[in-house]
Amino acid sequence: MDLGIRGKKAIVCASSKGLGRGCAMALAEAGCDLVVNGRNADQLAKTAAELRERFGVEVTEIVGDVSKPEVQKALLAACPDPDILVNNNGGPPLRDFRELDREKILEGVTQNMVTPVELVQAVIDGMAKRGFGRIVNITSLSVYVPIPGLDLSSGARAGLTSFLAGVARTVIDRNVTINNMLPGKLDTDRLRPAREAGTPEDPAAAAARKTQAAANVPAKRLGTPEEFGQICAFLCSVHAGYLTGQNIPVDGGLYVSAF
């Protein structure tokens, strides 16, 4: 399917690896020029080089933590009039809520609610004026299914969801949409156990881990960043202009609901 976004400009936050990278790859495949972002300069450069080589699109790299105002300014300076914004950022680590102090709570809310809201504020009016805009927020299935220990992540992302639900209805008449993707169990670093840097995971152990992680997923497997990215690209396409304010679980059927 031609997504109709060839030549469009996209900012994809936290896109050097994982789900953000999957989204960047799918948008590049659709012909979008990209501004990509990540904290690790070497990893970001590697991803950007692959995007250029495989798809022949323009790619600008902005290194840094997207929750920092100076990094946001750099993203917007590199692409002042984006057609597409994919909000993404790592969530707080698994931690009992009793261990959270005010500083950690504010940091988590800044990363997963305040930062995407700030970026939406910066780009939405320009999108509306030009008559095209696609905003996709990568949140988490924990917005629907609370996970003990991820309370801060769940709360901040749920706050973002509610915050933008009303905003989405104010710009749809100018062909600007805002939707949220809720990843479940996908095969990314966040689901993998920590191990020594540079030490590859034993193949048998990796296979066993994936099987165990997917045991209660109806699909009986983990999702991939690539298929996640393709769904993101569709939400950013010209074909998705009548879809807004929605939460799209990408979870292999893990979230059980008829409605």
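FYI, in our numbering the residues of the sequence shown are 2 to 260.
Note that CB positions come from ideal geometry on N, CA and C, so glycine has one too.
A quick note: this is a predicted structure, and the numbers were derived from the prediction, not measured.
task: Return the chain-ordered ranges of every beta strand (DSSP E) run that is complete within the stretch 235-260 and spans a minimum of 3 residues.
output: 248-251
- prompt: Which one of N176, T116 and P219 has the shortest CA to CA distance from L76?
  reply: T116
message: Please report the straight-line C-alpha distance between G5 and T140, rounded to a whole angstrom.
response: 25 angstroms
- prompt: Under the three-state reduction of DSSP, which class applies to R267: helix, strand or coil?
  reply: Because the chain spans 2 through 260 in this model, residue 267 falls outside it and cannot be assessed.
message: Less than 9 angstroms between the beta carbons of K18 and I85, yes or no?
response: no
- request: Taking F133 and N176 to be in contact with their CB atoms under 8 angstroms, please state how far apart those CB atoms are, rounded to whole angstroms.
  value: 5 angstroms
- request: Give a yes or no on whether the C-beta atoms belonging to L35 and T61 are separated by under 9 angstroms.
  value: yes
message: Could you give the first and the last residue of the continuous beta strand (DSSP E) run that contains T111?
response: No beta strand (DSSP E) contains T111, which DSSP labels as neither H nor E.
message: Rounded to the nearest angstrom, what separates A198 and D174 at their Cα positions?
response: Because the pLDDT of A198 is 45, which lies under 50, any placement of that residue in the model is unreliable, and the question is left without a value.
field: Residue(s) in a DSSP beta bridge with G224
entry: L187
task: Could you check what DSSP says for D3 in three-state terms: helix, strand or coil?
output: coil
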